Amino acid sequence: MKIQKIIFLTLMITTLSLTGCTSKSQYNSFYKEVNSLYDEIITTDAIINRIDVNDEASADELFDSLENLKISFDDFSKVQPPKEFKDCTYLSENASKYLSNAEVCFHNAFDEEYDDDSFKQGIANYNEVIKCVNYMGDVLQKNKK
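Take the sequence shown: its letter number 39 is residue 43 in our numbering, and every next letter is one higher.
Rendered as structure tokens:
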């Protein structure tokens, strides 16, 4: 999963660097939010991959990271993408929905006695977030000039 994210970031940066946008400020805002979103995804992924299901502090760190990721998606959704990347809005909205589902599942897994099925459902929803983000990378790559 980490290799996909590295490839995604490389594609995104390359695409954004090579694409002519209608407005420099629009491009800069979009680029900034893409990078912010990606940074939060990397952080959250690292936390999920090293979580200790028996450590309350580890679960708290996960919830904090999920909240930061939700904020990044929310910020990303407010940026008007250059017309070449309008499909990213739809994908971002879907990713946000999956992220909310993941958060609910993780709370179900950790708020009371640990529930492995809920944890696995949280992971499954989080993986859907990653798929949406990877599709966003595909959109960015497809629109490369």
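We put the CB at the ideal spot given by N, CA and C, even for glycine. Keep in mind it's a predicted model, so treat the numbers as computed, not measured.
If the criterion is Cβ atoms closer than 7 Å, does the pair residue i and residue j meet it?
i, j, result
"E60", "Y102", "no"
"V143", "D91", "yes"
"C136", "L73", "no"
Output the distance between the C-alpha atoms of residue i and residue j, rounded to the nearest integer angstrom.
i, j, result
"Y139", "S81", "16 Å"
"P85", "A128", "28 Å"
"I55", "S62", "6 Å"
"D79", "A99", "13 Å"
"L41", "D49", "12 Å"
"Q125", "N105", "9 Å"
"G154", "F89", "Residue numbering for the chain in the displayed model covers 5 to 149; residue 154 lies beyond these limits and cannot be assessed."
"V83", "D115", "34 Å"
Might you give, ordered along the chain, the residues of its own chain that have their beta carbon closer than 7 Å to the beta carbon of residue i, omitting 5 neighbours on each side?
i, result
"E65", "I51"
"S122", "C109, N112, A113"
"E107", "L70"
"S76", "S40, L41, E44"
"Y130", "I52, A106"
"E37", "D79, F80, V83"
So, with DSSP's three-state summary, where would you put residue i?
i, result
"N138", "helix"
"I46", "helix"
"N131", "helix"
"I55", "coil"
"Q84", "coil"
"D119", "coil"
"K90", "coil"
By Cβ distance, which residues of its chain are closer than 6 Å to residue i, with the 5 residues on each side in sequence left out?
i, result
"V57", "Y118"
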